[in-house]
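Participant: Just dropping this structure here.
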Amino acid sequence: MANMSYCRFQNTLGDLRDCLAALEDNDDLSEEEARARKALVKVCAEIAEQADFMGLLDEED
Numbered sequence: 938m939a940n941m942s943y944c945r946f947q948n949t950l951g952d953l954r955d956c957l958a959a960l961e962d963n964d965d966l967s968e969e970e971a972r973a974r975k976a977l978v979k980v981c982a983e984i985a986e987q988a989d990f991m992g993l994l995d996e997e998d
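Written out as structure tokens, the structure reads:
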């Protein structure tokens with residue numbers, strides 16, 4: 938199920954934290970899952986680059 942736009946970032950944050958914690962777990966990953974992990978890292982890098990460009994990383998929490 939797709940995330941609802943009004944809580945997209947809230948819903949995704951927990952999942953991304955889980956992925957971060959599991960990033961080094963190379964055991965038992967299928968080839969498809971390993972490809973998805975690599976693609977996710979690339980998308981996260983793109984998000985960080987775009988956020989930096991937009992000045993979002995300079996904002997106070």
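Residue 938 is where the sequence shown starts when you use our numbering, and the numbers rise one by one after that.
Cβ coordinates follow ideal geometry from the N, Cα and C atoms, glycine included.
Values in this document were obtained by computation on a predicted structure and should not be read as measured data.
Under a three-way DSSP split, which group does residue 993 fall into?
Facilitator: On the sequence shown, position 56 is the one that residue 993 refers to. Three-state DSSP puts residue 993 in a helix.
Participant: Could you tell me how far apart the beta carbons of residue 974 and residue 966 are, in whole angstroms, since I believe they sit closer than 8 angstroms?
Facilitator: Position 37 of the sequence shown, counted from the start, is the residue given in the question as residue 974. Position 29 of the sequence shown, counted from the start, is the residue given in the question as residue 966. So it is a contact: roughly 7 angstroms between Cβ atoms.
Participant: Tell me the residue span of the alpha helix (DSSP H) that contains residue 1000.
Facilitator: The question about residue 1000 has no answer here: the residues shown for the chain are numbered 938 through 998.
Participant: For residue 950 and residue 944, I'd like the C-alpha separation in whole angstroms.
Facilitator: Start at 1 with the first residue of the sequence shown, and residue 950 comes out as number 13. Start at 1 with the first residue of the sequence shown, and residue 944 comes out as number 7. Straight-line Cα distance between these residues: approximately 10 angstroms.
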